[in-house]
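**Q** Position one of the sequence shown corresponds to residue 850 (this note's numbering), numbered consecutively onward.
We put the CB at the ideal spot given by N, CA and C, even for glycine.
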Amino acid sequence: MNSSLNLTQLATTAAARASDYLRQVERPVDPAVWTPKGQHDFVTICDREAESIIAEVLLRGEPGSVVMGEELSPERQRGKLTWIVDPIDGTTNFIHGFPAYAVSIAAEVDGVLEAGVVLHVGPNRLYHAARGHGAWCDDMRLGVSAIDSPGFALIGTGFPFKHPEHLAAYQPQFARIAMATSGIRRAGSAALDLCWVAAGMFDGFWELMLAPWDMAAGVLLTREAGGRVTDLSGRDIGAAHAAVVAGNPSIHAWLLETLASAAGPTRPGSESSARPQ
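1. Does DSSP put Glu1073 in a helix, in a strand, or in coil?
2. Could you give the first and the last residue of the continuous beta strand (DSSP E) run that contains Val915?
3. Taking the Cβ atom as the reference point for each residue, do Ala964 and Thr862 lie within a distance shorter than 8 Å?
4. For the alpha helix (DSSP H) that Ser953 lies in, which residues bound it at each end?
5. When you compare each of Ile894, Ala864, Lys1011, Ala955 to His969 by their alpha carbons, which one comes out closest?
6. Tell me the DSSP secondary structure of His889 in three-state form.
7. For Val961, count the other beta carbons within 10 Å of its own beta carbon; 16 or more makes it buried, fewer makes it exposed. Which is it?
8. At which residues does the alpha helix (DSSP H) containing Ala1095 begin and terminate?
9. Put Thr1006 into one of helix, strand or coil per three-state DSSP.
10. In whole angstroms, give me the CA-to-CA distance for Leu1105 and Val906.
11. State the Cα-Cα distance for the pair Thr1107 and Asp988, rounded to the nearest angstrom.
12. Looking at Leu1003: is its Cβ nearer than 8 Å to the Cβ of Asp938?
13. Between which residues of its own chain and His889 is the CB-CB distance below 7 Å, once the five residues before and five after are set aside?
14. Between Ile944 and Arg876, which are expected to be in contact by the criterion C-beta below 8 Å, what is the C-beta distance as a whole number of angstroms?
15. Short of 7 Å in beta carbon distance, which residues of its chain neighbour Ala1048, apart from the five on each side in sequence? Order them along the chain.
16. For the beta strand (DSSP E) containing Met1058, list its first residue and its last residue.
17. With burial defined as no fewer than 16 other Cβ atoms inside 10 Å of the residue's Cβ, what is the status of Gly1007: buried or exposed?
18. Less than 8 Å between the C-beta atoms of Leu1081 and His982, yes or no?
19. If you draw a straight line from the C-alpha of Asp1042 to the C-alpha of Gly1067, how long is it?
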């Protein structure tokens, strides 16, 4: 099996192929061709075609590996080397022409994240990390911000639009954080949100339920940039169905405390409420 650096390079090649396709394809603007996957959640033929392109590159480069993709193989069992793929993270943005969408690919070896690539399609900006080798945007080394005062912090979030049962917990969290920080941003792509934490543009980020393909590459990028990524209880997470709290170490600690004080006794992402993997 290849090293983490080689896995990152293979993921970069696959992401670039998918990104080229997405830039050239006609955007599916007619809602009649959007296939609902769930509440407020759509998939298009572009998602499926991009995932097929990615899988072809990855499996040719690493025969015997497993591709677990959001659109074509979300329930696939993991292998020794598992590629965790979101062909378009931010599909709703993509179909509306809003530029916050990306291709996200991570490599997990025996349960450990070894490589992560997020390609922001519009500006063709590549975020990449190999375990132990730092986080990068193109050829620029990334590092989380040094802001340690919540009043100066900019925080990213994702709304629980797929999980309305979490709204009761989310709303007081949002209010508490909005009043204590310099601002909250919601772009609609968790993969990019985590990249922006790694780049120091966001000082922290939280979302109450993400899937493995939403977070895997971004988790590695944030950690390699010096940040922390955990669930709401402060436990390190990898690629899972879970709530996510990320940030530079100071803001991450503050977010954990603030989210705990704002939420009720049963919190999304805790053992009693996490989805099975």
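**A** Taking the coordinates as given:
1. helix
2. 915 to 918
3. no
4. Premise fails: Ser953 lies in the beta strand (DSSP E), 951 to 958, not in any alpha helix (DSSP H).
5. Ala864
6. Confidence at His889 is low in this model, with a pLDDT of 48, below 50, so its placement is unreliable and no value can be given for it.
7. exposed
8. Counting along the chain, Ala1095 falls outside any alpha helix (DSSP H), though it belongs to the beta strand (DSSP E) covering 1091 to 1096.
9. strand
10. 39 Å
11. 35 Å
12. no
13. Bear in mind that a pLDDT of 48 at His889, under 50, signals an unreliable position, so the model cannot answer this.
14. 7 Å
15. Cys986, Leu991
16. 1053 to 1059
17. buried
18. no
19. 8 Å
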